[in-house]
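To start, the structure itself, in structure tokens.
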Amino acid sequence: MSENFKFIFILIFFSNIYAKIKIYIPEDEDQINIYTYYENVYINQSTVALPDLDPIYTNFQSVYISGNIRITERELKAFFEKIRFFFGEIVVNSTNLKSLSFLRPQSLNGDPDTHAGLTITNNPNLTEIGIDFLACPFCVEKIIIENNQALDLRNECANIIKIYGTWRQISDNLYDCGCEIKNNQKLSAFIDKKLKANPKCDWIFGNVTIDSTYEYNYLEEHLRNITRITGALSIVSTNFQDFKFFKNLKLIDVPITTTFLPIIEIKNNTELKELGFNITRRGVNLIISGNPKLQITASELVGLFSEECPDSELDGFQIKFGADGEENGICEIPKDGSFENFPDGCVNLIGNLTIDDNFNYEQSYKLHMVYNIFGSIAIRNTKIRNLNFIPNLHNIYTIHQNQNAIEITNNSDLLKVSFFQDFGQIQSDQKAIFRNNTNLIIEESMCSFWYSTRGKAPIIEGNRVDCDRNDLTTKIGNKLNIDYFGDIPNFPDIQYSFESVPSVTRIPVNVNDREEENVATTTTEITVTENNCGTTKVLIISILMVCFDHCF
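Heads up: the sequence shown runs through residues -19 to -1, 1 to 533, numbered per mature numbering (1 follows the signal peptide of the UniProt record, and there is no 0).
Below you can see the structure in the form of structure tokens.
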């Protein structure tokens, strides 16, 4: 029996088992790529020799490897040496292989059922994968690595995670890339099965739920090494005074494959006095309520909002200020309303900012760098024309329920809100209010900016333009802010030392800068979308597709 006949027999036999991905062969000969081999490759215990293929091939379809492989590693390496692009999947199942370093993919496509481009399962002798994942820029489909008893992934996890993000399924190997809580598994069962067997595991995939049935010491013993959770975290109805069993937890984020938005839920912990961890959340909603003794440091609060988009419902806790807050650009709004001793260069403002006739405009330049307000802003009964002293305001997060994030009312000379064009989001359970500002123009394209993340439409009424489409030329004949507050000094060379503000241009501030009169305002149409993360500006991006010479 010739070697070619043996290969054809194996191909026909295993096609019935593995042929999930349809092979596309062009009908027109002119469209056939000379660098592409238009058949799946099957290697198993019956394979005694690999097919003698034209060395010109660089593109394969799918590759299926299974059974007690008799082909040597040297032969496998020579066979796959030039193969870089796979228009199908690679499946390695129940083999005796110790390494897959002979595979050097630069692209993979997923199985239509599992969406996996690379599946490595049930290989008892496999000690390493050996694939250079950083050299595979188009390995974008899911990876499955399961039930390989000798496989230690500790030296390969970094590159796997970098390429596949959370689009992977890795479990029951000697050492996994993180540990997975499956199918709403109870935390105690997960700890007993996974964490006790892998005490160095520092990354949990899945939803972590902690309630009154758990002992503090038990959690501290088994969760102290956890630095990241990809999923939800719920700590409800406990009697813990802190959550220091998560003292090393730094990040909670969202699985790419999720069909719902995970939540960090900290509710009804009647004895809770402090969080005990300082985390960043990425794409995860936040609920903190019903914890009457809880104090959250200003740094912890800002850390919970360091990345935009997730919604929040906050209530029932106190904020604790410390020296570390000032070092990180965190400032508390003075309770007496005076900004005399307020630090310059504040970025994260905590409290309720009220601008009215009692506001200290002489110190208003100190608000120039404010990017986030944790609380609210109210502008009432003033004669100001604009808000040029707070031009970089981007987000407003209410920290109590039933609190309006924005209220701008009865400002007869107010013509515009300076931060319209670059505003981020309002996280509140109440509506933003723009009412009775007789010169204020709120154009139709701007109205959706003021929706809260919980879909609350703003109250916009009694202004010069209330979300009507209008081509208007506004002649500015009113006095400038400086004309009303003539004692404001000149600040030509104000410098700011705080460097971590996103998207803020650092320029010297002069609050006396005048705008020319008879300035025509033009309407800029901005396309926006609305989702549960609030209002997001849509940027149309031109994508450059890179084609490899031998790919098509």
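Beta carbons: idealized from backbone N, C-alpha and C, even for Gly.
Hey, could you find the ends of the beta strand (DSSP E) residue i is sitting in?
i: Y378; result: 376 to 378
i: G332; result: 329 to 336
i: E313; result: 311 to 313
i: G98; result: 97 to 102
i: V73; result: 71 to 76
i: L152; result: First, the amino acid is wrong: residue 152 is Ser here, not Leu. Counting along the chain, the beta strand (DSSP E) containing S152 begins and ends at 149 to 152.
i: E127; result: 123 to 127
i: S270; result: 266 to 270
i: V398; result: Run containing V398: none; DSSP gives neither H nor E here.
i: T28; result: No beta strand (DSSP E) contains T28, which DSSP labels as neither H nor E.
i: R85; result: Per DSSP, R85 belongs to no beta strand (DSSP E) and is neither H nor E.
i: S261; result: Sequence check: residue 261 is Thr here, not Ser. Segment 261 to 263, the beta strand (DSSP E) holding T261.
Taking only three categories from DSSP, how would you classify residue i?
i: S433; result: strand
i: I457; result: In this prediction, I457 scores a pLDDT of 42, lower than 50, which makes its location untrustworthy; no coordinate-derived value is stated.
i: E255; result: coil
i: K248; result: strand
i: S409; result: coil
i: G326; result: coil
i: S215; result: strand
i: G284; result: helix
i: Y45; result: strand
i: D173; result: helix
i: C138; result: helix
i: R55; result: helix
i: N198; result: helix
i: E15; result: Before going on, a small fix: residue 15 reads as Ile here, not Glu. DSSP places I15 in coil when its eight states are reduced to three.
i: I414; result: strand
i: V22; result: strand
i: Y156; result: strand
i: I144; result: helix
i: E321; result: coil
i: E343; result: helix
i: F227; result: helix
i: F66; result: strand
i: F119; result: strand
Compare the Cα-Cα distances from residue i to each of the options and report the closest residue.
i: I210; options: L78, G159, F226, I407; result: G159
i: Q42; options: S88, K316, P36, Q150; result: S88
i: D292; options: E62, Y23, P243; result: P243
i: N353; options: I360, A97, L282; result: L282
i: R51; options: K79, P36, L34, I71; result: K79
i: I24; options: T39, I46, N128; result: I46
i: I126; options: I112, Q382, C117; result: I112
i: L31; options: F224, F60, H96, I207; result: F60
i: E389; options: R361, N444, V235; result: The sequence as given places Ile at residue 389; Glu does not occur at that position. Comparing Cα positions, the closest option is R361.
i: F370; options: G264, N341, E201; result: N341
i: G91; options: L84, V446, R149; result: R149
i: D157; options: N136, N383, P315, N420; result: N136
Buried or exposed: where does residue i fall if 16 or more other Cβ atoms within 10 Å of its Cβ makes it buried?
i: Y199; result: exposed
i: I233; result: buried
i: Q130; result: exposed
i: P372; result: buried
i: L107; result: buried
i: F171; result: buried
i: S357; result: buried
i: V519; result: At V519 the pLDDT is 32, less than 50, meaning the model places this residue with poor confidence; the figure from the coordinates comes in the next sentence. By the neighbour-count rule (16 or more Cβ atoms within 10 Å), V519 is not buried but exposed.
i: P86; result: buried
i: G98; result: buried
i: D394; result: buried
i: L374; result: buried
i: G405; result: buried
i: T194; result: exposed
i: L115; result: exposed
i: G436; result: exposed
i: V44; result: buried
i: S433; result: buried
i: D337; result: exposed
i: G284; result: buried
Using DSSP's beta-bridge definition, name the partner residues of residue i.
i: residue 558; result: Beyond the ends of the chain as shown, which are -19 and 533, falls residue 558; an answer cannot be given.
i: F355; result: I331, Y378
i: Q276; result: Q299
i: Q384; result: DSSP, once it has assigned bridges, lists no residue as partnering Q384.
i: T108; result: Beta-bridge pairing links T108 to no other residue.
i: I191; result: I216
i: L132; result: None; L132 has no bridge partner.
i: I389; result: I360, F415
The alpha helix (DSSP H) with residue i in it runs from where to where?
i: E442; result: Counting along the chain, E442 falls outside any alpha helix (DSSP H), though it belongs to the beta strand (DSSP E) covering 440 to 442.
i: E425; result: 425 to 428
Would the beta-carbon of residue i be found less than 7 Å away from any heavy atom of the ligand COA?
i: L168; result: Absence of the ligand COA is noted for the structure shown, with no ligands found whatsoever.
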